[in-house]
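Quick notes on the structure that follows.
Numbering (our numbering), first residue to last: 22 to 208.
See the structure below:
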């Protein structure tokens, strides 16, 4: 399941929630860093790197949030997107079963968007490997055919910020973990 939320009141989602449910959930969620209670060190650091990205006129580096359930990893992702003034696309590791699923998500991003992947530790390895060039080079490598006659095409992607969230940091491979510019432990 992939959901998309623009930073205005409209929400476009692909699940069975009613509009009333969506509105209630959004009204209960903190809307900015001032309303978000706790995680003082993470909030202060995020404010600094967001402001730096804005001053550079560049996208924010990729972020990884980890810690026990219920500490606000998803909420922080929403606040980051809102503070940047960009859209957020939401999915989860188990929802991206094949490389094509991830390719579809990545090619539908706009410049500067935040892609939030909850339970990122549950991405399968084939999907994870497609994510590496997207994170590092802003490109998607598409492979056509198999065997010696196979060839690849590189497709440029818009610059985006990946925000990953996990409750199990130890299950994230080192190559993926190393591609995040900043990692935050929520307590």
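Where a beta carbon is used, it is the ideal one built from N, C-alpha and C, also for glycine.
Owing to the predicted nature of the structure, the values given are computational and were not obtained by experimental measurement.
Go ahead and pull the three-state DSSP assignment for residue i.
i           : result
residue 70  : helix
residue 85  : strand
residue 35  : Here residue 35 scores only 44 on pLDDT, less than 50, and its place in the model is too uncertain to base an answer on.
residue 53  : coil
residue 207 : coil
Identify the continuous alpha helix (DSSP H) that holds residue i and give its terminal residues.
i           : result
residue 100 : 94 to 105
residue 125 : 120 to 128
Below 8 angstroms between beta carbons: does that hold for residue i and residue j?
i           : j           : result
residue 277 : residue 178 : Coverage of the chain is limited to positions 22 through 208, which leaves residue 277 absent and any answer about it impossible.
residue 54  : residue 205 : no
residue 114 : residue 140 : yes
residue 207 : residue 94  : yes
residue 189 : residue 142 : yes
residue 136 : residue 103 : no
residue 67  : residue 101 : yes
residue 112 : residue 50  : no
residue 117 : residue 183 : no
residue 119 : residue 148 : yes
residue 70  : residue 203 : yes
residue 63  : residue 186 : no
residue 146 : residue 159 : no
Provide the residue span of the beta strand (DSSP E) that contains residue i, from first to last.
i           : result
residue 111 : 109 to 113
* Asked: Taking only runs of the beta strand (DSSP E) that begin and end inside the stretch 135 to 205, which ones reach a length of at least 3 residues, in chain order?
  -> Runs of the beta strand (DSSP E) inside the stretch 135 to 205: 135 to 139, 160 to 165, 172 to 177, 182 to 187.
* Asked: Counting pairs of Cβ atoms below 8 angstroms between the stretch 165 to 174 and the stretch 65 to 84, do you hit three or more?
  -> At 8 angstroms Cβ cutoff, the stretches do not touch.
* To do: Spell out a yes or no on whether the stretch 59 to 79 and the stretch 143 to 162 are touching, meaning 3 or more CB-CB pairs, one atom from each, closer than 8 angstroms.
  => no
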